[in-house]
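Notes follow the structure.
Chains as they are written, first to last, in the working numbering: chain A, 1 to 224; chain B, 1 to 224.
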């Protein structure tokens, strides 16, 4: 019974996710679903990224949190469209919540929409929001065993950003080994090493973003 | 419908949790439910703790992980009873899993049973396993905004161990502020500052353990 209900929920979610994606494609907006453990640096990455790109591309952010609007408040300084979703204890965002949130955005005016998921390395894996790419932040402070232990999240990611690399040595983390572990679990994932706080480490990430924004605007070259 | 099913699941879980606790009380074994984000240091804390106490008290560990038995393997050196639960993608341990696991343990020979929950700062909050105390590890690398954002987990904890305090300055964390935030969310929580890797920081934690083990063995003075 529980399993049947869960399957029904997933089928419904994924259908709405597909609808969302169609809409995003029509409006030529690149949509990214940012996932991670709590405190791995998603909001900090969005802050640093907006500093670097917000004068060139039009961005908006949907913030997912159990409680509080602290992350959205941190982004108010950029004067971009922001929508806060509070899940009230819920452990992930779902496609229906995104479907309602995007009614508050003028998608046709946007180049890129960041969706910051709830900090949780388990449950968001199963829920397609309609994004084009899933971006997983993996902080080195969490240890090197997370890809094998949180398999579904690492397998569901298109791009994995290894974050807080300035702490790798202190945390006894071998970045080469971490990258091998990620590719053992997900051979096609792209991987970049970053320190979200340090804009000098974000060059490849910004390049990745620009490439993917351009693919949305010329959909013939796009995968979706 | 979904909500009703969820409520049924919780009622059933909590009833089994109560049964587990009765059994633990009869056998005079202290049971701790260790929760945290992924990579906050639960297994490392158990390792350091066993080094300090395993010649004085009889301990066992139930390890909860989505996949792999890596955490249990790390503890094999201590030659204590170990049970691995793999949730196969499930986001928390539940009372029924614990009920089955403890059949593999001789509870009457134990002083203390550590249950290491799945690394997840959301879902384990709702599931009583039958423990006497809930111990939450909170790594300073996760930032200072987690108590307010992950309210249910912080409210459900009896003891909160602020971990990796040697990284606080590097992570720009004010420990006084963190403690105030925790007490704003959960005024009765006990708080200790530790570095799970450094046994010299664990004195108060070991004292807390000993006090609680003794309360189990002299149940007249116990709260449960």
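Backbone N, C-alpha and C fix where the C-beta goes; we use that ideal spot for every residue, glycine too.
So is residue 11 (chain B) in contact with chain A if we call contact Cβ pairs under 8 Å?
-> Within the second chain, numbered from 1, the residue matching residue 11 (chain B) stands at position 11. Chain A places no beta carbon closer than 8 Å to that of residue 11 (chain B), leaving this residue out of the contacts.
Tell whether a beta-carbon distance below 8 Å holds between residue 48 (chain B) and residue 209 (chain B).
-> Numbered from its first residue, the second chain carries residue 48 (chain B) at position 48. Numbered from its first residue, the second chain carries residue 209 (chain B) at position 209. Cβ atoms of residue 48 (chain B) and residue 209 (chain B): not closer than 8 Å.
Identity of the residue in A:160, A:37, A:215 and A:124 nearest residue 143 (chain B) by Cα | Numbered from 1 along the second chain, position 143 holds the residue referred to as residue 143 (chain B). Comparing Cα-Cα distances from residue 143 (chain B) to each of A:160, A:37, A:215 and A:124, the minimum goes to A:37.
Inspect the CB distances between the region 80 to 98 of chain A and the region 10 to 28 of chain A and report whether three or more fall short of 8 Å.
-> By the Cβ rule, the region 80 to 98 of chain A counts as touching the region 10 to 28 of chain A, because three or more pairs are nearer than 8 Å.
Under three-state DSSP, which class holds residue 206 (chain A)?
-> As a first step, residue 206 (chain A) is located in the first chain; it is residue number 206 there, counting from the start. The answer is helix: DSSP assigns residue 206 (chain A) an H, G or I state.
Residues of chain D with CB under 7 Å from residue 67 (chain A), in chain order?
-> The displayed structure is made up of protein chains A and B, and chain D is not among them.
Are the CB atoms of residue 216 (chain B) and residue 77 (chain B) nearer to each other than 8 Å?
-> Residue 216 (chain B) sits at position 216 when you count from the first residue of the second chain. Residue 77 (chain B) sits at position 77 when you count from the first residue of the second chain. Their beta carbons are not under 8 Å apart, which means residue 216 (chain B) does not touch residue 77 (chain B) by this criterion.
Alpha carbon to alpha carbon, what distance is there between residue 163 (chain B) and residue 61 (chain B)?
-> The residue given as residue 61 (chain B) occupies position 61 in the second chain. The residue given as residue 163 (chain B) occupies position 163 in the second chain. Each residue's Cα considered, the two are about 20 Å apart.
If you count every other CB in all the chains shown that lies within 10 Å of the CB of residue 139 (chain A), and 16 or more means buried, which is it?
-> In the first chain, the residue the question calls residue 139 (chain A) occupies position 139. Residue 139 (chain A) should be labelled buried.
Option in A:189, A:6, A:24 and A:19 with minimal Cα separation from residue 106 (chain A) = As a working note, residue 106 (chain A) is residue 106 in the first chain. The option with the nearest alpha carbon to residue 106 (chain A) is A:24.
N- and C-terminal bounds of the beta strand (DSSP E) containing residue 116 (chain A) = Indexing the first chain from 1 puts residue 116 (chain A) at position 116. It spans 112 to 116 - the beta strand (DSSP E) in which residue 116 (chain A) sits, taken as one unbroken run.
Give the residues from the region 5 to 35 of chain A that approach chain B closer than 8 Å (Cβ to any Cβ), ordered along the chain.
-> Hits within the stretch, in order: 5 and 9.
Over what stretch of residues does the alpha helix (DSSP H) that includes residue 177 (chain B) continue unbroken?
-> Position 177 of the second chain, counted from the start, is the residue given in the question as residue 177 (chain B). DSSP places residue 177 (chain B) in the uninterrupted alpha helix (DSSP H) bounded by 175 to 185.
Give me whichever residues DSSP pairs with residue 139 (chain B) in a beta bridge.
-> Within the second chain, numbered from 1, the residue matching residue 139 (chain B) stands at position 139. According to DSSP, which records beta bridges pairwise, residue 139 (chain B) is partnered with B:163.
Cα-Cα, which of B:191, B:147 and B:199 is closest to residue 181 (chain B)?
-> As a working mapping, residue 181 (chain B) is identified with position 181 in the second chain. Shortest Cα-Cα distance from residue 181 (chain B) to any of B:191, B:147 and B:199 involves B:147.
Where the region 186 to 207 of chain A meets chain B: residues whose CB sits under 8 Å from a CB there = Cβ proximity to chain B below 8 Å picks out nothing from the region 186 to 207 of chain A.
With distances taken between CB atoms, is the gap from residue 44 (chain A) to residue 196 (chain A) smaller than 8 Å?
-> Working through the first chain from its first residue, we reach residue 44 (chain A) at position 44. Working through the first chain from its first residue, we reach residue 196 (chain A) at position 196. The answer is yes: Cβ separation under 8 Å.
Please state if the CB of residue 33 (chain B) and the CB of residue 129 (chain B) are separated by a distance shorter than 8 Å.
-> Counting from 1 along the second chain, the entry for residue 129 (chain B) is found at position 129. Counting from 1 along the second chain, the entry for residue 33 (chain B) is found at position 33. The beta carbons of residue 129 (chain B) and residue 33 (chain B) sit closer together than 8 Å.
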